Amino acid sequence: MDEAELDTLQADYKKAVDEWVTAIRAEEALASVHHSVAELDKWEESHAIAHKAYKEVIFRKRLYEDALREDMFGF
Numbered sequence: 000m001d002e003a004e005l006d007t008l009q010a011d012y013k014k015a016v017d018e019w020v021t022a023i024r025a026e027e028a029l030a031s032v033h034h035s036v037a038e039l040d041k042w043e044e045s046h047a048i049a050h051k052a053y054k055e056v057i058f059r060k061r062l063y064e065d066a067l068r069e070d071m072f073g074f
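Take numbering that gives the first Met the number 0: the last position of the sequence shown gets the number 74, and nothing is skipped along the way.
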């Protein structure tokens with residue numbers, strides 16, 4: 000795997016992490032507001048978004064780690 004491909008995988012992973020952090024902050028903001036049912040629904044939705052973003056982080060991390068292992072160790 001060449002440097003450009005590793006750079007792309009690393010950038011994709013970093014982007015996924017940044018999106019996850021943004022989603023967590025949105026969830027945190029909703030967790031800190033008044034206790035109404037409407038806000039609870041938004042909070043639950045934000046949790047689902049954060050969870051989906053986390054799964055994307057794990058996927059991108061595995062792709063990047065696998066590429067690094069292949070590049071460094073040949074497997």
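For glycine and all other residues, C-beta sits at the position ideal for the given N, C-alpha and C. Remember, predicted model here, so these are calculated numbers, not experimental data.
Assigned secondary structure, residue i (DSSP; H/G/I helix, E/B strand, else coil)
i                : result
aspartate 1      : coil
serine 35        : coil
phenylalanine 58 : helix
phenylalanine 74 : coil
Own chain partners of residue i with C-beta closer than 6 angstroms, once the 5 adjacent residues on each side are dropped
i             : result
alanine 22    : Ile48, Ala49, Ala52
tryptophan 19 : Ala52, Tyr53, Val56
Residues of its chain near residue i, where Cβ-Cβ distance is below 8 angstroms and the 5 sequence neighbours each way are ignored
i         : result
lysine 41 : Leu29
Own chain residues within Cβ distance below 7 angstroms of residue i, not counting five before or after
i            : result
methionine 0 : Ala66, Glu69, Asp70
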